[in-house]
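By the working numbering, the letter at position 40 of the sequence shown is numbered 291, and the numbering carries on one by one without gaps. Okay, so here's the structure we're looking at.
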Amino acid sequence: MDIHTIIGIKIKNRRKELGLSGANLAEKLNLSQQQISRYENGINKIPINHLVDIAEALNCPIEWFFQGYTSGLKIEKNDEFEQSNKERQYTAESIIVDLKWFSYNNYVLSFWMTE
Numbered sequence: 252m253d254i255h256t257i258i259g260i261k262i263k264n265r266r267k268e269l270g271l272s273g274a275n276l277a278e279k280l281n282l283s284q285q286q287i288s289r290y291e292n293g294i295n296k297i298p299i300n301h302l303v304d305i306a307e308a309l310n311c312p313i314e315w316f317f318q319g320y321t322s323g324l325k326i327e328k329n330d331e332f333e334q335s336n337k338e339r340q341y342t343a344e345s346i347i348v349d350l351k352w353f354s355y356n357n358y359v360l361s362f363w364m365t366e
């Protein structure tokens with residue numbers, strides 16, 4: 252079962268647990284009842300901003316939707332990502348050094364010009 256179907260089932264179960272109809276939940280979220288039904292049946296993927304609103308409307312933390320879901324998760328070391336982060340960090344550090352050097356030189360130049 253994919254994550255969208257699992258989240259949809261959890262939404263439907265929680266909604267019923269709270270005694271809300273699909274129409275009630277749709278009204279709270281300013282969505283159509285058909286959209287809620289599509290979410291609950293895993294037909295449509297739920298945008299994260301809607302999931303946040305749904306969690307709030309159902310009075311549950313957003314991470315609750317993902318509890319127990321591990322199927323299909325693959326954890327891999329991504330050397331390319333790590334290298335990219337190292338380069339980005341080096342770039343940020345070099346920019347800071349360059350800015351300090353530039354600021355120092357401007358200070359020296361402005362000091363020299365005022366005398």
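We put the CB at the ideal spot given by N, CA and C, even for glycine. Please read all numbers here as calculations on a predicted model, not as lab measurements.
With contact defined as three or more Cβ pairs closer than 8 Å, the stretch 293-309 and the stretch 276-283 are in contact. Per DSSP, D304 is one residue of the alpha helix (DSSP H) stretching across 299-308.
Taken atom to atom, the span from the alpha-carbon of W315 to that of K263 is near 13 Å. Taking a C-beta distance under 7 Å as the contact criterion, E291 and G319 do not qualify as a contact pair. The DSSP-derived three-state label of N292 is coil. Here L276 is buried. Its C-beta has 16 or more other C-beta atoms within 10 Å.
Its chain contains L276 as the residues whose beta carbon lies nearer than 6 Å to that of R266, once the 5 sequence neighbours on both sides are disregarded; these appear in chain order. The C-alpha of S272 is placed about 19 Å away from the C-alpha of I257.
Sequence-distant Cβ neighbours of Q286 in its own chain, meaning closer than 8 Å and more than five residues away, are A277, N295.
The residues A306, in chain order, have a CB closer than 8 Å to that of P312 in the same chain once the five nearest residues on each side in sequence are set aside.
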